[in-house]
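Structure, as structure tokens:
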Amino acid sequence: MTTAVEPGHIEQVQIHFDDLDAMGVLHNGRYVLLLERALAAYWSERGWPFDPAVPHFADIFFVVREFTITYHLPITTVGPIDVHFWLDHIGTTSLVYGFRVLSADRSVLHAEGRRVQIKIDPATLRPTPIGDDVREACTGLLK
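Shown next as structure tokens:
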């Protein structure tokens with residue numbers, strides 16, 4: 002199955018031997034980590050690392066509210082895999098990501114889903130509005 006690449010970003014991540022389960026397929030829980038690795042690399046490369054020592058860390062203090070995934074074809078090998086992600090929506094306090102997990106040659110759709118993140122205040126742990134700097138940084142990912 003060939004998938005058309007839509008707006009957003011494609012980040013290559015690695016599947017390691019210990020990511021596979023006893024049946025030799027990528028464990029279903031590892032798909033969450035693939036997206037985490039792809040997002041962390043993307044934002045770090047753009048100056049928004051998830052590091053409490055960085056002054057703007059409070060600007061990117063997000064928690065996951067929802068995560069859905071549909072599995073299409075198991076991953077059965079180690080090596081590179083592509084994670085295509087984008088933003089479907091930027092709300093007052095939330096970001097809604099869409100994503101696909103693709104083979105490295107992008108000919109196979111392994112899984113797809115969505116992830117909703119809520120920006121919270123690190124001190125109160127309550128939702129707080131997304132600032133203008135983060136909004137601006139996110140616009141390149143909007144679908």
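For the sequence shown, the working numbering assigns the number 2 to the initial residue and increments by one for each residue that follows. All C-beta atoms, glycine included, are put in the ideal place defined by N, C-alpha and C.
- Proximity below 8 Å, CB of residue 135 to CB of residue 66: Sequence index remark: in the sequence shown, residue 135 carries index 134 (1-based). Sequence index remark: in the sequence shown, residue 66 carries index 65 (1-based). No. Outside cutoff.
- Query: From residue 36 to residue 84, what distance separates their C-alpha atoms?
  - Reply: The sequence position of residue 36 within the sequence shown is 35, counting from 1. The sequence position of residue 84 within the sequence shown is 83, counting from 1. Residue 36 and residue 84: Cα-Cα distance of roughly 7 Å.
- Message: Quick check: the Cα distance between residue 3 and residue 61, rounded to an integer number of angstroms?
- Response: As a first step, residue 3 is located in the sequence shown; it is residue number 2 there, counting from the start. As a first step, residue 61 is located in the sequence shown; it is residue number 60 there, counting from the start. At residue 3 the pLDDT is 44, less than 50, meaning the model places this residue with poor confidence and gives no usable figure here.
- Query: Is the stretch 100–114 in contact with the stretch 75–83, if contact means three or more CB pairs nearer than 8 Å?
  - Reply: The stretch 100–114 is in contact with the stretch 75–83.
- For residue 38, I'd like the list of residues in its chain whose CB is within less than 7 Å of its CB, leaving aside the five on either flank, ordered along the chain. Here residue 38 corresponds to residue number 37 of the sequence shown, with the count starting at 1. So the list reads 14, once near-sequence residues are dropped.
- Return the first residue and the last residue of the beta strand (DSSP E) that residue 112 is part of. Along the sequence shown, one-based indexing puts residue 112 at 111. DSSP places residue 112 in the uninterrupted beta strand (DSSP E) bounded by 110–120.
- Cβ neighbour criterion (16 or more within 10 Å) applied to residue 101: In the sequence shown, counting from the first residue as 1, residue 101 sits at position 100. Around the C-beta of residue 101, 16 or more other C-beta atoms lie within 10 Å, and the residue is accordingly described as buried.
- Would you report the Cα separation of residue 49 and residue 140, rounded to the nearest angstrom? The residue given as residue 49 occupies position 48 in the sequence shown. The residue given as residue 140 occupies position 139 in the sequence shown. Each residue's Cα considered, the two are about 14 Å apart.
- Query: Over what stretch of residues does the beta strand (DSSP E) that includes residue 35 continue unbroken?
  - Reply: The residue you call residue 35 lines up with position 34 of the sequence shown. Residue 35 -> not in any beta strand (DSSP E); alpha helix (DSSP H) instead, spanning 31–46.
- Task: Indicate whether residue 28 and residue 21 have their beta-carbon atoms separated by less than 8 Å.
- Result: Here residue 28 refers to the residue found at position 27 when the sequence shown is read from its first residue. Here residue 21 refers to the residue found at position 20 when the sequence shown is read from its first residue. Cβ distance < 8 Å, so residue 28 and residue 21 count as in contact.
- Task: Give every residue of the same chain whose Cβ lies closer than 6 Å to the Cβ of residue 68, excluding the five residues on either side of it in the sequence, and list them in chain order.
- Result: As a working note, residue 68 is residue 67 in the sequence shown. Only 116 meet the Cβ criterion.
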